[in-house]
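Colleague:
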Amino acid sequence: MFVRVHMLLLAGTFAAASALAPGAVLAQEAVKIGLIVPMTGGQASTGKQIDNAVKLYLQQHGDTVAGKKIEVILKDDATLPDNTKRLAQELIVNDKVNIIAGFGITPAALAAAPLATQAKVPEVVMAAGTSIITERSPYIVRTSFTLGQSCTIIADWAVKNGIKKVATLTSDYAPGKDALNFFKQNFTAGGGQIVEEVTVPLQNPDFAPFLQRMKDAKPDAMFVFVPAGQGGSFMKQYAERGLDKAGIKVIGPGDVTDDDLLKDMGDAVMGTVTAHLYSAAHPSAKNKEFVAAYKKAFNQRPGFMAVGGYDGMNLIYEALKKTGGKADGDSLIAAMKGMSWESPRGPISIDPETRDIVQNIYVRKVEKVDGELYNVEFETFKAVKDPGKTKK
Amino acid sequence: MSVKGDVGHFARQHASWHWSEVAFWCLALGCGFLFPSRYLIMTDITRLALFALSLDLILGYAGIVSLGHAAFFGIGAYGAGLLALHGIITEPVLALLAAGLAATVAGFATSFLVIRGVDLTRLMVTLGIALLLEALAERYSNITGGTDGLQGIEIAPVLGLFAFDIFGKTGFFYALATLFVLFLVARRVVHSPFGLSLRAIRNNPLRAGAIGVPVNRRLIAVYTLASFYAGIAGALFTQTTALASLDVFSFERSADLMLVLVIGGTGYLYGGLIGAVVFRLLQEVFSTITPQYWQFWIGLVLVVIVLVGRARLHRWVLFVPNLIIRRFGGGRAVVAVPETDAS
Amino acid sequence: MDARLKAGHDDPSLWLDSSMTSILTNLFDGVAYGMLLFVLACGLAVTLGLMNLVNLAHGAFAMAGGYVCAVLVNQHGWPFFAGLPLAFVTSAVVGAALERALYRHLYTRSHLDQVLFTIGLVFMSVAAVDYFMGSSRVFINLPPALEGQFDVFGVGVGRYRLMIIVICGALTALLQLILARTRFGSRLRAAVDDPRVASGLGINVPQVFAFTFAFGCGLAGLGGALSAEILGLDPYFPLKFMIYFLIVVTVGGSSSITGPFLASLLLGIGDVAGKYYVPKMGPFVIYSIMIVILIWRPNGLFGRTAAR
Numbered sequence: 009m010f011v012r013v014h015m016l017l018l019a020g021t022f023a024a025a026s027a028l029a030p031g032a033v034l035a036q037e038a039v040k041i042g043l044i045v046p047m048t049g050g051q052a053s054t055g056k057q058i059d060n061a062v063k064l065y066l067q068q069h070g071d072t073v074a075g076k077k078i079e080v081i082l083k084d085d086a087t088l089p090d091n092t093k094r095l096a097q098e099l100i101v102n103d104k105v106n107i108i109a110g111f112g113i114t115p116a117a118l119a120a121a122p123l124a125t126q127a128k129v130p131e132v133v134m135a136a137g138t139s140i141i142t143e144r145s146p147y148i149v150r151t152s153f154t155l156g157q158s159c160t161i162i163a164d165w166a167v168k169n170g171i172k173k174v175a176t177l178t179s180d181y182a183p184g185k186d187a188l189n190f191f192k193q194n195f196t197a198g199g200g201q202i203v204e205e206v207t208v209p210l211q212n213p214d215f216a217p218f219l220q221r222m223k224d225a226k227p228d229a230m231f232v233f234v235p236a237g238q239g240g241s242f243m244k245q246y247a248e249r250g251l252d253k254a255g256i257k258v259i260g261p262g263d264v265t266d267d268d269l270l271k272d273m274g275d276a277v278m279g280t281v282t283a284h285l286y287s288a289a290h291p292s293a294k295n296k297e298f299v300a301a302y303k304k305a306f307n308q309r310p311g312f313m314a315v316g317g318y319d320g321m322n323l324i325y326e327a328l329k330k331t332g333g334k335a336d337g338d339s340l341i342a343a344m345k346g347m348s349w350e351s352p353r354g355p356i357s358i359d360p361e362t363r364d365i366v367q368n369i370y371v372r373k374v375e376k377v378d379g380e381l382y383n384v385e386f387e388t389f390k391a392v393k394d395p396g397k398t399k400k
Numbered sequence: 005m006s007v008k009g010d011v012g013h014f015a016r017q018h019a020s021w022h023w024s025e026v027a028f029w030c031l032a033l034g035c036g037f038l039f040p041s042r043y044l045i046m047t048d049i050t051r052l053a054l055f056a057l058s059l060d061l062i063l064g065y066a067g068i069v070s071l072g073h074a075a076f077f078g079i080g081a082y083g084a085g086l087l088a089l090h091g092i093i094t095e096p097v098l099a100l101l102a103a104g105l106a107a108t109v110a111g112f113a114t115s116f117l118v119i120r121g122v123d124l125t126r127l128m129v130t131l132g133i134a135l136l137l138e139a140l141a142e143r144y145s146n147i148t149g150g151t152d153g154l155q156g157i158e159i160a161p162v163l164g165l166f167a168f169d170i171f172g173k174t175g176f177f178y179a180l181a182t183l184f185v186l187f188l189v190a191r192r193v194v195h196s197p198f199g200l201s202l203r204a205i206r207n208n209p210l211r212a213g214a215i216g217v218p219v220n221r222r223l224i225a226v227y228t229l230a231s232f233y234a235g236i237a238g239a240l241f242t243q244t245t246a247l248a249s250l251d252v253f254s255f256e257r258s259a260d261l262m263l264v265l266v267i268g269g270t271g272y273l274y275g276g277l278i279g280a281v282v283f284r285l286l287q288e289v290f291s292t293i294t295p296q297y298w299q300f301w302i303g304l305v306l307v308v309i310v311l312v313g314r315a316r317l318h319r320w321v322l323f324v325p326n327l328i329i330r331r332f333g334g335g336r337a338v339v340a341v342p343e344t345d346a347s
Numbered sequence: 292m293d294a295r296l297k298a299g300h301d302d303p304s305l306w307l308d309s310s311m312t313s314i315l316t317n318l319f320d321g322v323a324y325g326m327l328l329f330v331l332a333c334g335l336a337v338t339l340g341l342m343n344l345v346n347l348a349h350g351a352f353a354m355a356g357g358y359v360c361a362v363l364v365n366q367h368g369w370p371f372f373a374g375l376p377l378a379f380v381t382s383a384v385v386g387a388a389l390e391r392a393l394y395r396h397l398y399t400r401s402h403l404d405q406v407l408f409t410i411g412l413v414f415m416s417v418a419a420v421d422y423f424m425g426s427s428r429v430f431i432n433l434p435p436a437l438e439g440q441f442d443v444f445g446v447g448v449g450r451y452r453l454m455i456i457v458i459c460g461a462l463t464a465l466l467q468l469i470l471a472r473t474r475f476g477s478r479l480r481a482a483v484d485d486p487r488v489a490s491g492l493g494i495n496v497p498q499v500f501a502f503t504f505a506f507g508c509g510l511a512g513l514g515g516a517l518s519a520e521i522l523g524l525d526p527y528f529p530l531k532f533m534i535y536f537l538i539v540v541t542v543g544g545s546s547s548i549t550g551p552f553l554a555s556l557l558l559g560i561g562d563v564a565g566k567y568y569v570p571k572m573g574p575f576v577i578y579s580i581m582i583v584i585l586i587w588r589p590n591g592l593f594g595r596t597a598a599r
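Chains as they are written, first to last, in this note's numbering: chain A, 9 to 400; chain B, 5 to 347; chain C, 292 to 599.
#1: With a threshold of 16 other CB atoms inside 10 Å of the CB of A166 (chain A), please say whether the residue is buried or exposed.
#2: Over the uninterrupted beta strand (DSSP E) stretch that includes S351 (chain A), give me the two end residues.
#3: For I148 (chain A) versus V129 (chain A), is the C-beta distance shorter than 8 Å?
#4: Return helix, strand or coil for Q68 (chain A), following the three-state DSSP convention.
#5: Measuring alpha carbon to alpha carbon, tell me which residue in B:A315, B:L277, B:F112 is nearest F28 (chain B).
#6: Residues of chain B with CB under 8 Å from D180 (chain A), in chain order?
#7: Between L269 (chain A) and chain C, is any beta-carbon pair separated by less than 8 Å?
#8: With a 10 Å radius around its C-beta and 16 neighbouring C-beta atoms as the bar for buried, classify C360 (chain C) as buried or exposed.
#9: Can the beta-carbon of R143 (chain B) be found less than 8 Å from the beta-carbon of K566 (chain C)?
#10: With DSSP run on the structure shown, which of helix, strand or coil describes L82 (chain A)?
#11: Which of the residues in the region 548-580 of chain C, read from start to end, lie with their CB under 9 Å from any CB of chain A?
#12: If we call anything under 8 Å between Cβ atoms a contact, is A136 (chain A) one with T114 (chain A)?
#13: Which chain B residues are close to L403 (chain C), counting only those with a beta carbon under 7 Å from its beta carbon?
#14: If the cut is a Cβ gap below 9 Å, which residues of chain C does Q299 (chain B) touch?
#15: Would you please verify whether the beta carbon of L375 (chain C) is less than 8 Å from any beta carbon of chain B?
#16: Sorted by chain position, which residues of the same chain lie with C-beta nearer than 8 Å to A2 (chain A)'s C-beta, five sequence neighbours on each side aside?
#17: Could you give the first and the last residue of the continuous beta strand (DSSP E) run that contains F441 (chain C)?
#18: Residues of chain B with a CB under 8 Å from the CB of I586 (chain C): which are they?
#19: Could you check where the alpha helix (DSSP H) with G357 (chain C) kicks off and where it finishes?
#20: Any beta-carbon of chain B closer than 8 Å to the one on N102 (chain A)?
#21: Using CA coordinates, which residue listed in C:Y394, C:M424, C:G493 is at the minimum distance from Q308 (chain A)?
#22: Work out the CA separation of T154 (chain A) and I140 (chain A) for me, nearest whole Å.
#23: Do you know how far the Cα of A519 (chain C) is from the Cα of P370 (chain C)?
#24: Can we count G237 (chain A) as close to the ligand GDP, meaning its CB is less than 7 Å from some heavy atom?
#25: Report the three-state DSSP secondary structure of Q201 (chain A) (helix, strand or coil).
#26: Can you pull the chain B residues whose beta carbon is under 7 Å from the beta carbon of Q126 (chain A), in chain order?
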C-alpha cells in the first residue's frame with residue numbers, strides 16, 4: 009500500500025501552522041503596540057533607527073504607564089507594502105494590538121490606513137513624509153514630518169538669498185514628488201527659475217550621469233531630495249564631479265545631510281544649507297541628553313528618523329496618561345489631538361484638525377563642530393504646519 | 005487502433021484520482037474552517053501555490069528554467085489592479101480572467117524569445133524580461149503609480165455576493181477555489197498526450213524532435229499556459245490584498261519561487277503546493293525568531309537542500325514514519341516521494 | 292556675453308562646445324564604469340566558460356573584498372592602495388576555500404541546481420554582512436589625491452575614475468598577457484576549449500580550475516573595493532549588481548576575455564549615456580539592448596557554442 013507523502017507533509021505542516029497560532033489570552037493590563045518598520049531592504053536604516061529610539065524610550069521611561077503595561081511587538085515589513093498590510097492585519101486580528109506604529113515609507117503607511125479605519129486602531133506614523141497620509145484615515149497621527157514643511161521653507165530661504173536659477177534632482181516616489189512640488193511652488197512664486205528637472209529612480213546605484221546633467225545646466229544651486237539612506241552616496245558623487253568647485257550649491261530638505269550618515273560624508277559637504285526638523289546639534293538641553301543617551305546605547309548618532317520614533321512613543325505614553333489608561337482607538341485619538349510637548353528637536357504639537365505634526369523648521373548649514381560634521385542651525389521658523397493642508 | 009488513442013489511454017490511466025489526493029484537498033478546505041485566525045497566511049500560501057504550479061508546468065514538465073516568471077505575475081497583478089481602480093471590470097472573477105488573458109498575451113509574445121538559445125541564455129532572457137517590465141512600470145508611473153504602487157484599489161464582492169473582509173475569509177476561499185479549478189485543468193493537460201510529449205521534450209529535446217514531436221510549438225504552448233496561470237496568481241494577489249506595486253516584478257519573487265519548487269519537487273504538480281506550504285511556514289518561523297536576519301536561514305536551507313539532494317533528504321526525514329508504517333502495513337508498505345510523475 | 296566670448300579664446304576649458312564636452316565626459320564616465328564592471332565580472336565569465344558553473348554568488352566575493360578594504364582603511368588606518376591588494380587576497384582565499392569545500396560538488400549538477408545553490412549563498416552572505424556591518428552604505432576614506440576632478444579642455448576628468456581606468460586597464464592587459472604568453476594561460480585556454488581533450492593531454496583541469504576560480508574571486512574582491520565609491524557598497528550589493536554581471540557574461544560570451552571586456556564597455560557606456568540623455572528610460576535601455584543581442588546571437592556577441 010502506497011501512502012503518498014504529501015498527506016503526511018501537509019498534515020505535519022498545518023499542525024505546525026496551528027502551533028504558530030497566537031497563544032495567550034489578552035492580558036487585562038497590557039497595551040500592545042505593533043511596530044511595523046523596514047528592518048531589511050532598501051530602507052533598513054530607517055527601521056533600525058526607529059527600533060533603537062523606541063527601545064531607548066522604553067529604557068528611559070519604563071514599560072508601565074497609567075497602570076498599563078506596554079508591550080511592543082516588532083515586525084519587519086522588508087520595505088514591501090503588501091507585507092505591511094498583512095502584518096498590520098495579523099497584529100490587529102491575531103495579536104489584538106491597540107496601536108500600530110512605524111511605517112518607514114509612504115506606501116506602507118497608506119496600505120495600513122484602511123485597516124486602521126476599519127478596526128478603529130490608531131496608526132502612529134513615525135517615518136513617512138507625504139502630505140496625504142493623514143487624510144487617508146481619521147485614525148492616523150503623524151510624529152515624523154512632511155516634505156512640504158521643509159521644502160517651502162528652503163524655497164523661501166533660497167529666494168531671499170539671491171539664488172535665481174535652480175536645477176532639481178528628486179527621487180521618483182511620493183515624497184520626492186511632494187518635495188519637488190512644494191519647492192517649485194514657493195520658489196517660482198518668489199521669482200525663481202527652475203532650469204532643469206531630473207527625477208531619479210528610487211533604486212539608483214549611480215548618480216553620476218544625473219549629476220553631469222545638472223552641471224551642464226549651470227544653475228546657481230541644486231535642489232536635492234533623496235531618501236534617508238542615499239544622502240551619503242549623493243554627496244560623495246557631488247564632490248567627485250566637482251560641482252562644489254563649479255559653484256553649484258546644494259540646497260534642499262535635510263534628508264540629504266541626515267545625521268545618521270553625515271560624519272562619514274567628507275569635507276565637500278561643508279557649507280550645504282538645508283531646512284529640516286531635526287539636527288543632532290540642536291542646542292537644547294533635552295537634545296543633548298537624547299543624543300548622549302542614544303550614542304551610549306547604540307554607538308551611533310541619532311537622525312531625524314530616530315527622533316520620529318522617540319516622539320511617537322512619547323505621544324502614545326502621554327495619550328495613555330491623559331485617557332487614564334483607556335486604550336481604545338477613539339479615546340486615544342481624541343487625547344492625541346492638540347497634544348504638545350518638548351521633543352529633542354524642539355517644541356512640537358499635533359494639529360487637532362489634521363492630526364499632523366506641527367514643528368519648528370530650522371535652516372542650517374553643515375559645519376565642523378569638535379572635529380565632526382554637524383548641521384548647525386542658524387534660522388528658526390516656528391510652528392510650521394503642513395502646507396499641503398493649510399492651503400486648502 | 006491509432007497511436008494517439010493508445011497514448012491517450014495510457015495517459016488517462018494515470019490520471020485516476022488517488023485517495024491521498026482527495027484527502028489533500030479535503031484537508032486544505034478543512035484548514036479554512038479549523039484555523040479561522042490564520043486566513044491571511046493561508047491565502048498567501050494558496051497564491052504562492054498557484055504561482056509555483058505555473059512554474060512547475062514549464063520547469064517540471066518542459067524543462068525551461070526561468071528566473072523571470074514574476075513578469076507574468078506582475079502583469080496579472082497590475083491588470084487586476086487597474087481594472088478595479090478605474091472601474092472597467094468590477095466583478096472580481098471576470099477581472100481575474102481578463103488579467104490572466106493579458107498575461108497570456110505577454111507570455112505568448114515572449115515565448116518566441118525563450119525557445120531560442122541554451123540554458124543560460126534562457127535564464128538571462130527571462131530575467132531580462134522581468135526587469136524590463138519592472139523598469140517600464142516605473143517609467144510609466146502615471147499609470148502604474150511607480151514605486152508607490154496603485155493606491156486606493158477597492159475590490160467589489162465576488163460574484164456580487166461575498167465581500168472581502170478584514171479577516172481575509174472571503175479572500176481565502178476565493179483563492180482556494182481558483183487554485184482548485186486551475187489545478188484540475190492542469191491535471192487534465194498533464195495527463196494527456198500533450199503532457200506526455202512535454203515530458204519527452206524535457207528529457208531529451210533532440211530525441212523528441214526526432215520522433216516527430218513539434219518541440220517548439222509544444223514549448224510555446226506550455227509557456228503560454230504557464231503565463232496564464234502566473235497572471236491569475238498575480239491578479240489574485242492584487243484582489244486579495246488590494247495592493248499592486250513594483251515589487252510584483254521583483255527578482256526576489258522569482259527566486260523564492262524556485263526555492264518553493266526545490267523544496268516540494270517538480271514534475272508531479274503537487275510539488276508547488278507542498279513547497280509553498282513548507283516555504284511560507286519556514287519563512288514565518290524564521291522571521292519570528294529573527295525579524296531581521298531570517299534571509300540567512302532561508303539561504304542556508306536552500307544550500308543544504310541542493311547539496312544534500314532532495315531524494316536523500318526525504319529518505320532521512322521519512323525514516324521514522326517508514327519504520328512505523330512498515331510495522332503496521334507489512335513489509336511492502338513504504339512512504340515514497342515520487343520524484344516525477346513517471347511512476 | 293561678450294566678455295565670455297573673449298575669454299573663450301584664451302580659456303582652454305571653453306574650446307570645445309558644450310555638447311562635445313558632455314559627450315566626452317559621458318564617454319569617460321562610461322568607460323570607467325565599463326572597466327570596473329569588467330574587473331568585477333571577468334571572474335564569472337571565466338568560471339562559466341571553463342567549468343560551466345553558473346555562480347550567482349559572484350557579487351558576494353566582490354562585497355567581501357569591498358568590506359575588507361573598508362574596514363582596513365577606515366578602522367585601522369591603512370592607506371587605500373594597501374587595502375586594495377588585501378581585498379584581492381582575502382576574496383581569493385575565501386574563494387579557494389569555498390571551491391574546495393562546496394562548489395566542487397556542483398560541477399556535474401544541472402544549471403538549475405547551481406543557480407539555486409548560489410542564490411542560497413547570496414542570501415546567507417547578505418544577511419551575514421548586514422548582521423556584522425550594518426545596513427547602511429559604507430564609504431572608504433580616500434586619499435585626497437583621488438578626490439575631485441581636473442579639467443582637460445573643459446571635460447571634467449574625475450580623478451577616481453581615472454585611477455579606475457588605469458588600474459583596470461593594467462589588469463586587463465595583464466590578464467591578456469597571462470592568457471596569451473604564459474604556459475598557464477595556454478593550459479587554461481585549452482581547458483576552456485575542450486576539457487576532455489585537455490585532460491587527455493595531461494593538463495590537470497581541476498587544479499587549473501581551482502586556481503582560476505580563486506583568481507576570479509580575487510579580482511571580484513578588488514573590483515568590490517574599487518566600486519565602493521562609484522556603485523555603493525552595502526549588504527545588498529550582490530543582489531543589486533548580479534544582473535549587471537550576468538549581462539556582461541551572457542552578452543560577451545564566455546569563451547574568451549575580450550568578449551566580456553567589450554560587453555562591459557558597451558554596458559557601461561550605454562548605461563551612462565542612457566541615464567544622461569534619456570534619464571526617464573534609464574535601465575530600460577540596458578535590458579532592451581541585452582534582450583535584442585541575445586535574440587540575435589544566443590551565445591553572446593563573441594561566444595561560440597561550447598564543445599561538450
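Yeah, the Cβ is synthetic: ideal placement off N, Cα and C, and Gly gets one too.
Note that the structure is predicted; figures quoted are calculated from it, not measured.
Modeller: With the given structure in hand:
#1: buried
#2: 348-351
#3: Remark: C-beta atoms of I148 (chain A) and V129 (chain A) do not approach each other more closely than 8 Å.
#4: helix
#5: B:L277
#6: E142, S145, G150, T151
#7: yes
#8: buried
#9: no
#10: In the structure shown, L82 (chain A) adopts extended strand secondary structure according to DSSP, grouped into three states.
#11: D562, V563, A564, G565, K566, Y567, Y568, P570, K571, G573, P574
#12: yes
#13: Here the neighbours are V69.
#14: F414, M415, V417, A418, D421
#15: no
#16: Here chain A has residues from 9 to 400 only, and residue 2 (chain A) is not among them.
#17: 440-443
#18: L117, R120, V129
#19: In the DSSP assignment, G357 (chain C) falls within the unbroken alpha helix (DSSP H) covering 349-361.
#20: yes
#21: C:M424
#22: 9 Å
#23: 15 Å
#24: As for the ligand GDP, it is missing from this structure, which has no ligand bound.
#25: strand
#26: I170
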